[in-house]
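>
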Amino acid sequence: MIFLALCIILPSTQVDARKGLGSLFKLGRAAKAINGAKHYNSGTLTVEQLKTCLLLEKKVGSSEINLSSKRGNIENKVEKIKKIEREISTVKKYLDINQSATFYTQQKVDEFNLKVERYNQLIPAYNRELETYKSLQSIYNKSVDLHNKLANTFQVSCAGKRYYTDDLVSAKSALSN
Numbered sequence: 015m016i017f018l019a020l021c022i023i024l025p026s027t028q029v030d031a032r033k034g035l036g037s038l039f040k041l042g043r044a045a046k047a048i049n050g051a052k053h054y055n056s057g058t059l060t061v062e063q064l065k066t067c068l069l070l071e072k073k074v075g076s077s078e079i080n081l082s083s084k085r086g087n088i089e090n091k092v093e094k095i096k097k098i099e100r101e102i103s104t105v106k107k108y109l110d111i112n113q114s115a116t117f118y119t120q121q122k123v124d125e126f127n128l129k130v131e132r133y134n135q136l137i138p139a140y141n142r143e144l145e146t147y148k149s150l151q152s153i154y155n156k157s158v159d160l161h162n163k164l165a166n167t168f169q170v171s172c173a174g175k176r177y178y179t180d181d182l183v184s185a186k187s188a189l190s191n
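When we follow my numbering, the leftmost residue of the sequence shown carries the number 15, and every step to the right adds one.
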């Protein structure tokens with residue numbers, strides 16, 4: 015009964031790294047050499063491969079941070095564009111309603127002319143913001159493609175593969191020097 019409870023509570027070291035890229039070495043398939051003998055095959059990472067995987071994991075993490083930052087810039091630009099769209103809509107409604115109106119005071123004429131001026135300023139501002147958005151989106155899409163290639167390379171080359179615990183320690187040590 016106690017053994018069963020311990021089996022349920024303790025995480026297995028043989029769990030594949032499928033959730034998140036950083037989980038490869040946290041929940042990876044670490045093994046210990048039996049009687050000092052190590053056997054490498056296509057499913058077992060060498061120290062050099064582990065170093066490559068650690069560097070790749072770092073690149074993927076940096077790429078995720080980069081994407082998050084770029085996504086924030088795009089979201090800010092979208093909000094700015096929506097704000098301009100709302101103002102354009104409001105001013106256009108006023109101009110459409112008053113297009114054929116007869117104004118009896120100079121103040122009303124000036125008010126209408128200011129709205130026309132504002133509308134004429136908003137359209138090019140909107141177009142500039144839209145072009146900036148398209149540029150940001152294009153850059154973001156290229157970054158997503160690069161990130162996906164990095165993540166795919168990591169998944170194919172590193173995720174779910176076995177490695178020896180002491181090899182991981184050696185790889186980390188070599189990279190920190």
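C-beta atoms are modelled at their ideal positions from N, C-alpha and C, and glycine is treated no differently.
1) Rounded to whole angstroms, what's the CA-CA distance from Gln-121 to Tyr-108? Just pull it up for me.
2) Run through DSSP, which three-state label would Thr-104 get?
3) Buried or exposed: which applies to Tyr-178, given that a residue is buried once 16 or more other Cβ atoms fall within 10 Å of its Cβ?
4) Measuring CB to CB, does Val-105 end up less than 9 Å from Arg-132?
5) In the DSSP assignment, what residue or residues form a beta bridge with Ala-44?
6) Inspect the beta-carbon positions of Glu-101 and Leu-136 and report whether they are closer than 9 Å.
7) Which class does Thr-66 belong to by DSSP, given the choice of helix, strand or coil?
8) May I ask which residues mark the beginning and end of the alpha helix (DSSP H) holding Lys-156?
9) Using three-state DSSP, classify Ala-188 as helix, strand or coil.
10) Buried or exposed for Phe-117, going by 16 or more other Cβ atoms inside 10 Å?
11) Rounded to the nearest angstrom, what separates Leu-24 and Ala-173 at their Cα positions?
12) Is Tyr-147 closer than 9 Å to Ile-98 when the C-beta atoms are compared?
Short version:
1) Residue 121 sits at position 107 when you count from the first residue of the sequence shown. Residue 108 sits at position 94 when you count from the first residue of the sequence shown. Cα atoms of Gln-121 and Tyr-108: separation of roughly 16 Å, rounded to the nearest angstrom.
2) Position 90 of the sequence shown, counted from the first residue, corresponds to residue 104. Secondary structure at Thr-104: helix, using DSSP grouped into helix, strand and coil.
3) To locate residue 178, count along the sequence shown from 1; it is residue 164. So Tyr-178 ends up on the buried side.
4) Taking the sequence shown and counting its residues from 1, one reaches residue 105 at position 91. Taking the sequence shown and counting its residues from 1, one reaches residue 132 at position 118. Judged by beta-carbon spacing, Arg-132 lies within the 9 Å limit of Val-105, meaning their Cβ atoms are closer than that value.
5) Position 30 of the sequence shown, counted from the start, is the residue given in the question as residue 44. When beta bridges are read from the DSSP output, Ala-44 appears opposite Tyr-177.
6) What you label residue 101 is simply residue 87 of the sequence shown in a count that begins at 1. What you label residue 136 is simply residue 122 of the sequence shown in a count that begins at 1. Between Glu-101 and Leu-136, the CB-CB gap stays under 9 Å.
7) Counted from its first residue, the sequence shown places residue 66 at position 52. Looking at Thr-66 - three-state DSSP - the assignment turns out to be helix.
8) The sequence position of residue 156 within the sequence shown is 142, counting from 1. Where Lys-156 is concerned, the enclosing alpha helix (DSSP H) stretches over 120 to 171.
9) Translated into positions along the sequence shown, residue 188 becomes position 174. Reduced to three states, the DSSP call for Ala-188 is helix.
10) Mapped onto the sequence shown, residue 117 falls at position 103. With fewer than 16 Cβ atoms within 10 Å of its Cβ, Phe-117 is classed as exposed.
11) One-based indexing of the sequence shown puts residue 24 at position 10. One-based indexing of the sequence shown puts residue 173 at position 159. Bear in mind that the predicted position of Leu-24 carries a pLDDT of just 31, short of 50, making it too unreliable to give a figure here.
12) The residue labelled residue 98 in the question sits at position 84 within the sequence shown. The residue labelled residue 147 in the question sits at position 133 within the sequence shown. With respect to Tyr-147, Ile-98 sits apart: the two C-beta atoms are not nearer than 9 Å.
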